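See below for the structure under consideration.
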Amino acid sequence: MTMNVKKILKYEKDIYSFWEKEKLLSFDEKGLRKIYSLLMPPPNLTGELHLGHALQHVIMDSVSRYRRLQGFEVLLLPGVDHAGIQFEGTLDKKLTKDGKSKRSLGREKWLEEAWKFREEIYKSFHETWKVFGISADWSREVFTLDDRPKQAVFYQFKAFWDKGLIYKGPYIVQWCPKCNTAIEDVEMEYQERKEKLYYLKYGPLTLATARPETKFGDTAMAVNPKDKRYKEYVGQEFEINTLAGSKKMRVIADEAVDPNFGTGVIKVTPGHDFTDYEIGKRHNLPIIQVINKEGRLTELAGKFAGMKVLEAREAIIPELKMEGILVKEEDYIHNVSVCERCKTVVEPLISEEWFVKMGDIAKEAIKAVNKDLINFLPKNYKKILIEWMNEIHDWCISRSLWWGHRIPVWYKDNEKKVALESPGAGWKQDEQVLDTWFSSGLWPMSTLGWPNKNELFAKVFPWDFEISAPEIKYLWIARMIMLSIYFTGKIPFKTMFFHGMLRDMEGRKFSKSLGNGIEPQYLISSWGVDATRMALYTYSIPGRDGRVSKSILDERGKNFRNFATKIRNVSRFILELKPDFSPNGDFKAGEDDWIMAELENLSRKVTKYLDNLELHLAVDELYEFIWHKFADKYIEESKERRVEAQPTLEYVLKQSLILLHPFMPFLTEEIYQQFEVKKKSILLEDWPIASK
RNA sequence: GGAUGCUUAGCUCAGUUGGUUAGAGCACCUCGUUUACACCGAGGGGGUCGAGGGUUCGAAUCCUUCAGCAUCCACCA
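With this note's numbering, the residue at position 258 of the first sequence is 258, and numbering never jumps.
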């Protein structure tokens with residue numbers, strides 16, 4: 001079995017090397033042919049490529065091979081994303097196993113380890129890509145921490161800075177105490193928890209809270225202005241027992257308070273709650289930090305200082321009861337925000353972070369998207385993206401990490417400078433790095449040498465084709481659009497293809513923690529690369545999720561492996577066992593007409609489906625034609641008149657191979673090479689029909 | 001709470017702008033070991049297209065209500 005696997009992979013590697021050697025995959029920017037450009041979404045540098053990557057890359061590859069056959073000068077540009085938090089988390093886990101840690105290594109040594117780890121991951125990426133036959137121009141590969149993106153990132157930062165779009169300030173952020181960094185809304189997930197809702201007496205009022213431990217940070221009580229019950233209290237001040245002393249608190253009226261929740265009164269904790277932060281801003285309330293970045297209470301919490309949030313909650317409850325402050329408890333089921341990566345409960349708290357004002361940037365992007373310059377698949381993503389951009393928040397671009405583009409701001413005494421390199425002795429660079437998406441958002445430009453003016457950029461931008469998983473439509477796609485429009489006035493890509501998500505049979509995402517993943521390598525070694533690719537095209541409908549299990553993918557893999565065998569047998573019959581005669585290339589009218597008409601029909605349909613990016617339909621047609629029309633019917637009938645039919649047999653086979661090549665590149669090349677009259681590679685053949 | 005999508009044969013899914021007996025693969029049944037192929041061929045069974053209502057000469061396809069599932073967004077004091 002393992003021998004067999006190696007043999008299969010060896011065969012595919014040989015063909016791939018042949019394509020590379022003949023420069024069939026490389027892009028000639030001096031070429032005169034019309035360009036078709038595809039930008040590979042850079043996978044995260046975190047380990048191995050999974051089935052979702054395979055799906056996405058295989059879709060891109062079929063499009064790029066199709067365009068190659070049509071005679072385009074194709075650029076499929078590959079790359080990898082440094083993936084700040086994710087990579088850093090993965091590496092730290094690995095280092096812990098080796099008995100090392102961030103603290104013991106220090107920033108410089110740690111970065112050395114990081115680059116070493118990067119090399120390991122790179123090797124595995126390249127192997128997988130080539131095994132899948134991805135026809136990218138590897139000489140143009142980009143990594144988001146390379147020099148070029150570095151220049152682009154700096155240009156971007158400087159441009160925003162000069163325009164006054166970047167600001168630094170205390171701001172309430174979602175803080176993950178374990179990752180020790182601010183994270184964005186989109187990096188969180190929600191877990192339903194059964195907790196308690198506590199009713200506390202604050203002066204003459206009773207209010208409900210799920211987080212009594214934040215009471216040390218309270219700066220006011222708030223009610224809805226329309227709530228008649230509390231009208232008389234608004235504006236008054238009361239002495240409140242905080243368990244760490246006593247302080248005066250005012251009752252304020254704010255629209256954000258829901259009169260139907262609890263008693264209709266809330267405590268306002270601007271330092272540790274998003275709504276409260278907004279209320280606090282509107283009413284000029286002070287911000288008090290009672291939870292620190294490790295998720296522990298600060299000294300303001302008196303004897304509870306140093307406790308973790310949940311410990312503190314448990315310790316506080318009895319005290320509140322004793323003091324007569326806690327008057328009622330009830331069960332309360334609600335969603336708790338946790339960090340998407342480490343599942344730690346996220347604490348909203350105040351941190352010094354860098355932000356980009358997004359309002360104006362988004363406005364321009366909305367205009368461009370509304371002009372329908374980008375073809376979204378599925379269509380409704382246009383609306384979804386516009387709605388998001390309409391309600392955009394400022395972008396928190398700083399992360400307290402080491403892996404990434406360091407914020408290019410330098411400090412000396414009370415001076416500040418923006419520079420890529422140190423402005424001289426005594427200057428200290430900001431400790432934080434930029435959000436990964438700050439560089440990924442520039443991907444369509446930085447991969448082409450932007451911001452330096454150059455021919456490549458001028459020729460290629462905007463890209464013809466981009467593909468993505470829908471889950472990063474805001475994080476990545478929307479940002480690429482906004483940044484491209486902002487800096488170049490142009491959209492970044494003409495077609496934006498959102499593929500569906502592969503899920504398990506329960507509809508869950510594949511994830512490491514669930515252990516429900518299916519290795520692409522497993523499928524390849526069982527059924528071959530081409531069959532695995534074909535199995536994946538079944539799930540290439542834009543925006544449609546697919547449920548898969550090992551057995552379902554095995555079923556498809558086996559089915560297409562059988563299809564590959566069928567094609568091998570067909571070609572053996574036609575090319576190896578052909579009758580002894582000299583083909584004159586003439587087609588006999590009459591008995592061959594129908595298959596020629598079917599072939600014509602097939603060519604037209606496959607072309608249409610590829611143009612519309614309906615890959616699954618193209619695959620269906622090819623399968624039906626080759627197996628059930630050509631093999632089962634025509635070849636069977638031709639046995640009666642083999643010599644006469646031979647030119648047609650050869651012709652139909654060759655054309656079928658060309659049409660199938662975008663999907664099964666290795667098999668089609670292998671068989672193509674057995675023809676007597678042929679070009680150097682099937683990739684140099686002509687697609688039978690032009691696109692509309 | 002808001003938005004979007006999904007619900008078609010036992011399973012996983014296709015069904016292009018509404019138009020003849022609703023398709024594929026796998027599974028199942030019958031027959032076939034003819035010199036490309038049993039990783040095969042010929043044939044067959046199996047669906048009131050989630051439920052109700054509506055538009056139409058005609059609806060899986062359009063409208064509406066409802067149910068279930070999923071995703072995204074918001075809220076979560």
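Heads up, the beta-carbon is just placed ideally off N, CA and C, and yes, glycines get one too.
Since we're looking at a predicted model, the values are computed, not measured.
Please classify tyrosine 411 as buried or exposed, where buried requires at least 16 other C-beta atoms within 10 Å of its C-beta. So tyrosine 411 counts as exposed.
How would you call asparagine 224, buried or exposed, if buried means at least 16 neighbouring beta carbons within 10 angstroms? Counting Cβ neighbours within 10 Å, asparagine 224 comes out buried, since at least 16 surround it.
CB of threonine 206 within 8 Å of CB of threonine 242, strictly: Contact flag unset, no.
Tryptophan 627 - containing alpha helix (DSSP H), residue span: In the DSSP assignment, tryptophan 627 falls outside any alpha helix (DSSP H) and carries neither an H nor an E.
So, for threonine 219: in the same chain, excluding its five sequence neighbours on each side, which residues have a beta-carbon less than 8 Å away from its beta-carbon? Within its own chain, the residues whose Cβ lies closer than 8 Å to the Cβ of threonine 219, once the five positions on either side in sequence are excluded, are Met249, Val268, Thr269, Pro270, Gly280, Leu285, Pro286, Ile287, Ile288, listed in chain order.
Who does phenylalanine 465 pair with in a DSSP beta bridge? DSSP lists Leu38, Thr495 as partners of phenylalanine 465.
Specify the secondary structure class of glycine 106 as computed by DSSP and reduced to three states. The DSSP-derived three-state label of glycine 106 is helix.
Please list the terminal residues of the continuous beta strand (DSSP E) segment that includes threonine 242. Threonine 242 -> no beta strand (DSSP E), and no H or E assigned at all.
Taking contact to mean at least 3 C-beta pairs separated by less than 8 Å, is the stretch 657-667 in contact with the stretch 619-629? Counting C-beta pairs closer than 8 Å gives three or more between the stretch 657-667 and the stretch 619-629, which meets the contact rule.
In the DSSP assignment, find the unbroken beta strand (DSSP E) run with phenylalanine 261 in it and report its ends. Run containing phenylalanine 261: none; DSSP gives neither H nor E here.
Can you look up glutamine 655 in the DSSP assignment and give me helix, strand or coil? DSSP, read as helix, strand or coil, puts glutamine 655 in helix.
When we look at the beta-carbon of asparagine 4 and count the other beta-carbons within 10 Å, is it buried (16 or more) or exposed? Residue confidence for asparagine 4 is low, a pLDDT of 46 falling below 50, so the modelled location carries little weight and cannot support an answer.
Under 8 Å, with one C-beta from each stretch per pair, do the stretch 162-178 and the stretch 341-361 reach the 3-pair mark? By the criterion of at least three beta-carbon pairs nearer than 8 Å, the stretch 162-178 is in contact with the stretch 341-361.
Inter-stretch contact at 8 Å, needing at least 3 Cβ pairs: the stretch 628-638 / the stretch 591-607: Flag = yes, the stretch 628-638 and the stretch 591-607 touch.
From this set, Ala253, Leu326, Gly426, which residue's C-alpha is nearest tyrosine 694's C-alpha? Because the chain is modelled from 1 through 692, residue 694 falls outside the range shown and cannot be assessed.
Under DSSP, the beta strand (DSSP E) around glycine 557 begins and ends at which residues? For glycine 557, no beta strand (DSSP E) segment is defined; the enclosing uninterrupted segment is the alpha helix (DSSP H) at 550-571.
Can you give me the C-alpha to C-alpha distance between glutamate 391 and valine 418, rounded to a whole angstrom? If I take the Cα positions, the gap works out to 30 Å.
Bridge partners of asparagine 44, per DSSP? Asparagine 44 is bridged by DSSP to Asp81.
Assign arginine 544 to buried or exposed, taking buried as 16 or more other Cβ atoms, counted over all protein chains shown, within 10 Å of its Cβ. Exposed, because fewer than 16 other Cβ atoms sit within 10 Å of the Cβ of arginine 544.
By Cβ distance below 6 Å, which residues in the same chain neighbour aspartate 464 in space, the five residues on each side in sequence not counted? Closer than 6 Å at the Cβ level, and outside the excluded window around aspartate 464, lie Tyr36, Ser37, Lys494.
Assuming tryptophan 402 is part of the alpha helix (DSSP H), what are its boundary residues? No alpha helix (DSSP H) holds tryptophan 402; DSSP gives it neither H nor E.
Have a look at the DSSP bridge pairing and note the partners of lysine 308. Note: lysine 308 is bridge-paired with Arg296 in the DSSP secondary-structure output.
Within 10 angstroms of its Cβ, does arginine 641 collect 16 or more other Cβ (buried), or is it exposed? Counting other Cβ atoms within 10 Å of its Cβ, arginine 641 stays below 16 and is therefore classed as exposed.
Does the Cβ of serine 64 have 16 or more other Cβ atoms within 10 Å, making it buried, or fewer, making it exposed? Taking all protein chains in view, the Cβ of serine 64 is crowded by 16 or more other Cβ atoms within 10 Å, so the residue is classified as buried.
Reference threonine 214; option with closest CA among Asp61, Pro42, Phe304: Checking every option, the nearest Cα to that of threonine 214 belongs to Phe304.
Would serine 571 and leucine 653 be called neighbours here (beta carbons separated by less than 8 Å)? Yes, these two residues count as a Cβ contact at 8 Å.
What would DSSP say about alanine 256, mapped onto helix, strand or coil? Residue state for alanine 256 is assigned as coil, using DSSP reduced to three classes.
Below 8 Å, can you find three or more Cβ-Cβ pairs linking the stretch 307-324 to the stretch 128-137? The stretch 307-324 is not in contact with the stretch 128-137.
Any idea if leucine 32 is buried or exposed, counting beta-carbon neighbours within 10 angstroms, 16 or more meaning buried? Within 10 angstroms of the beta-carbon of leucine 32 lie fewer than 16 other beta-carbons, which makes it exposed.
Selected residue, minimal CA-CA separation from glutamate 120, among Gly217, Thr46, Lys158, Gly52: Residue Thr46 is the option with its Cα nearest to glutamate 120.
If you drop the 5 nearest sequence neighbours on each side, which residues of the same chain put their C-beta closer than 7 Å to that of arginine 561? Taken in chain order, the residues that qualify are Trp527, Gly528, Ala531.
Which residue from Gly203, Arg533, Lys639, Thr648 puts its Cα closest to that of glutamine 56? Ranking Gly203, Arg533, Lys639, Thr648 by Cα distance to glutamine 56 puts Arg533 first.
Could you pull out every residue in the same chain whose Cβ sits closer than 6 Å to the Cβ of glutamate 88, ignoring the five residues on either side in sequence? Cβ contact annotation for glutamate 88 (same chain, cutoff 6 Å, sequence separation greater than five): Leu401, Trp403, in chain order.
Span of the alpha helix (DSSP H) holding isoleucine 595? Isoleucine 595 -> alpha helix (DSSP H) spans 593-611.
Beta-carbon separation (whole angstroms), asparagine 375 vs methionine 496, contact threshold 8 Å: Cβ atoms of asparagine 375 and methionine 496 come within 8 Å of each other, at about 7 Å.
Can you pull the DSSP bridge partners for glutamate 195? As DSSP reads the structure, glutamate 195 sits in a beta bridge with Tyr332.
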